[in-house]
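*Asks:*
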């Protein structure tokens, strides 16, 4: 079945450092979505990418969707303590969202 | 606009029992999907309901079932509970088909099987 792999599983950074998480799908995706889940919370939608090669920015966050629509990345510039949480990518495919395992980000002040 | 509401928030059950979880989607949303979240497995897709019909199903045993009512509220049932069913169960609602646009998640139901 369709799988979405996400790396790394954990990332510990010093505040101010950059952070990147990568997502790879075994099949071509209709779209890729990114969610953030704070500790003890529920996933909250960040963004959706649909077009091949698409790049979107939200303040310090940059999202990319690969040319083949099989991979994606999220890059955070100059992390802050408020960035702490688990970041999930999710591939949209025919009525379901297939989530990656998530990358848990911790930020040391 | 009220968000997605899941009840109960916490539940403790014994092995062999059955449980029913409830999800009220955002008003106007027709799609409700369910996910199981565990530390080791992440978010696993259970099933999706759209206009009272199950349209997609994940790779879970038949002990996991669900339904959707005419007002879009959804219930999920797990029969013959096993210890491994302990997890956070999340439902998400979407205006249209799940996976097409943003999914709005509820706070989840934390199920513990003892």
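Residue numbers (the working numbering), protein chains in the order written: chain L, 1 to 109; chain G, 1001 to 1114. Note that beta-carbon positions come from the ideal geometry of N, C-alpha and C, so glycine has one too. Please read these numbers as outputs of a predicted model, since none were measured by experiment.
Who are the neighbours of residue 106/L on chain G, taking C-beta pairs under 7 angstroms?
*Replies:* The premise fails here: residue 106/L is roughly 15 angstroms from chain G at the closest Cβ pair, so nothing lies under 7 angstroms.
*Asks:* Could you give the distance in angstroms between the alpha-carbon of residue 77/L and the alpha-carbon of residue 103/L?
*Replies:* 16 angstroms
*Asks:* Taking the C-alpha atoms as reference points, what is the distance between residue 81/L and residue 109/L?
*Replies:* Here the alpha carbons of residue 109/L and residue 81/L stand approximately 7 angstroms from one another.
*Asks:* Using Cβ-Cβ distances below 7 angstroms, what residues of the segment 6-26 of chain L are close to chain G?
*Replies:* none
*Asks:* Could you name the residues of the same chain whose beta carbon sits closer than 6 angstroms to that of residue 1057/G, not counting the 5 residues immediately before and after it, in chain order?
*Replies:* 1047
*Asks:* Please determine if the segment 40-53 of chain L and the segment 9-28 of chain L are in contact, where contact requires at least 3 C-beta pairs separated by less than 8 angstroms.
*Replies:* No, they do not touch.
*Asks:* Return the Cβ separation of residue 1015/G and residue 1113/G in integer angstroms, given the expectation that the two are a contact with Cβ distance under 8 angstroms.
*Replies:* 6 angstroms
*Asks:* Which residues of chain L have a Cβ atom closer than 8 angstroms to the Cβ of residue 1101/G, listed in chain order?
*Replies:* 48
*Asks:* Taking only beta-carbon positions, decide if residue 1022/G is within less than 9 angstroms of chain L.
*Replies:* Not one chain L Cβ lies under 9 angstroms of residue 1022/G.
*Asks:* Closer than 7 angstroms by C-beta to residue 14/L: which residues in its own chain qualify, once you throw out the five before and the five after it? Chain order, please.
*Replies:* Excluding residues up to 5 positions away in sequence, 108 lie with their Cβ nearer than 7 angstroms to the Cβ of residue 14/L in the same chain.
*Asks:* Decide if the segment 1021-1035 of chain G is in contact with the segment 1089-1106 of chain G; the criterion is three or more beta carbon pairs, one per stretch, under 8 angstroms apart.
*Replies:* yes
*Asks:* Should residue 33/L go down as buried or exposed, given a rule of 16 or more other Cβ atoms within 10 Å for buried?
*Replies:* buried
*Asks:* Does any C-beta atom of chain L lie closer than 9 angstroms to the C-beta of residue 1092/G?
*Replies:* yes
*Asks:* Taking Cβ-Cβ distances shorter than 8 angstroms, what residues in chain L pair up with residue 1064/G?
*Replies:* Result: empty, since nearest Cβ-Cβ is about 15 angstroms, beyond 8 angstroms.
*Asks:* Please confirm whether residue 1063/G and residue 1097/G have their CB atoms less than 9 angstroms apart.
*Replies:* Not in contact: residue 1063/G and residue 1097/G (Cβ atoms no closer than 9 angstroms).
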